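Remarks on the structure that follows.
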Amino acid sequence: MPPETVEVRRSSRRRRTVSAYRDGDKTIVLLPAWLSGEDADEWVSRMLDRLAAKEQRRRPTDEALLERARELSARYLDGEADPASVRWVDNQQHRWGSCTPENGTIRISTRLKGLPEWVINYVIIHELAHLIVPSHGAKFWALVEQYPKAERARGFLEGFSAAAHTAPEEC
């Protein structure tokens with residue numbers, strides 16, 4: 110991947126704000142003219158990090174997570190669930206995951222990162238099952254229970270929530 114081209118534009122009209130945006134294959138960083146060289150370098154670095162984080166949040170899917178979901182669907186749900194996208198999100202503070210059956214999108218909370226793979230797999234399977242059965246009825250739970258570690262994973266998440274001083278959560 111070629112190094113990123115960054116253009117710094119200074120403005121005497123810009124008093125306190127710093128901003129950045131992409132223009133094709135170039136990144137434009139707008140700075141106040143009075144900002145010193147070292148401070149300007151720090152702000153450029155900070156704005157590049159912010160822009161990268163913003164773009165990461167907007168990515169429609171996480172390819173590795175999507176592939177994992179498809180493998181889990183094939184293994185435990187006979188391939189019935191075919192998600193259009195699966196991605197990590199950091200705006201879910203009260204759910205482990207969510208999905209929109211109408212368009213096949215699944216969102217998995219970044220709070221799960223670092224937990225055991227079998228726990229994350231459970232949350233993915235839970236959301237995949239919602240693509241087949243939107244409610245939490247008997248048919249839904251029968252699908253989820255096809256995952257051998259479903260009960261153990263639910264217990265793990267309840268314990269994890271309790272340890273974090275929060276109420277047990279639903280997917």
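According to our numbering, the sequence shown is numbered sequentially starting from 110. Positions of the beta carbon are idealized from the N, C-alpha and C atoms, including for glycine. No experiment lies behind these values; they were computed from the predicted model shown.
Is the Cβ-Cβ distance between Ser281 and Gly188 less than 7 Å? It is not possible to answer for residue 281, since the shown part of the chain is limited to 110 through 280.
Complete runs of the alpha helix (DSSP H) confined to the segment 114-193 [at least 4 residues]: Correct list: 146-167, 172-185.
With which residues is Ile217 paired in a DSSP beta bridge? The residue labelled residue 217 in the question sits at position 108 within the sequence shown. According to DSSP, which records beta bridges pairwise, Ile217 is partnered with Trp197, Gly206.
Pick from Arg125, Gly264, His235: whose alpha carbon is nearest that of Tyr256? Position 147 of the sequence shown, counting from 1, holds the residue named residue 256. Its Cα nearest to that of Tyr256, the residue His235 stands out among Arg125, Gly264, His235.
Please list the terminal residues of the continuous alpha helix (DSSP H) segment that includes Lys248. If you number the sequence shown from 1, residue 248 lands on position 139. 247-253 is the extent of the alpha helix (DSSP H) around Lys248.
Cα separation between Gly213 and Ile241? Position 104 of the sequence shown holds residue 213. Position 132 of the sequence shown holds residue 241. Going by the C-alpha atoms only, they are around 10 Å apart.
Rounded C-alpha distance that separates Arg119 from Ala162: As a first step, residue 119 must be located in the sequence shown, where it is residue number 10. As a first step, residue 162 must be located in the sequence shown, where it is residue number 53. Roughly 24 Å between the two C-alpha positions.
First and last residue of the alpha helix (DSSP H) that includes Glu267? Reading the sequence shown from its first residue, position 158 is the one you call residue 267. Run containing Glu267: 259-272, per the alpha helix (DSSP H) assignment.
Whole-angstrom distance between Glu172 and Ile217, CA atom to CA atom: Locating residue 217 in the sequence shown gives position 108, counting from the first residue. Locating residue 172 in the sequence shown gives position 63, counting from the first residue. Their Cα atoms are separated by approximately 13 Å.
Host alpha helix (DSSP H) of Glu228 (start-end): For this step, residue 228 is matched to residue 119 along the sequence shown. Before going further, note that residue 228 is Val rather than Glu in the sequence given. Where Val228 is concerned, the enclosing alpha helix (DSSP H) starts and stops at 226-241.
Looking at Ile137: is its Cβ nearer than 7 Å to the Cβ of Glu116? Mapped onto the sequence shown, residue 137 falls at position 28. Mapped onto the sequence shown, residue 116 falls at position 7. Yes.
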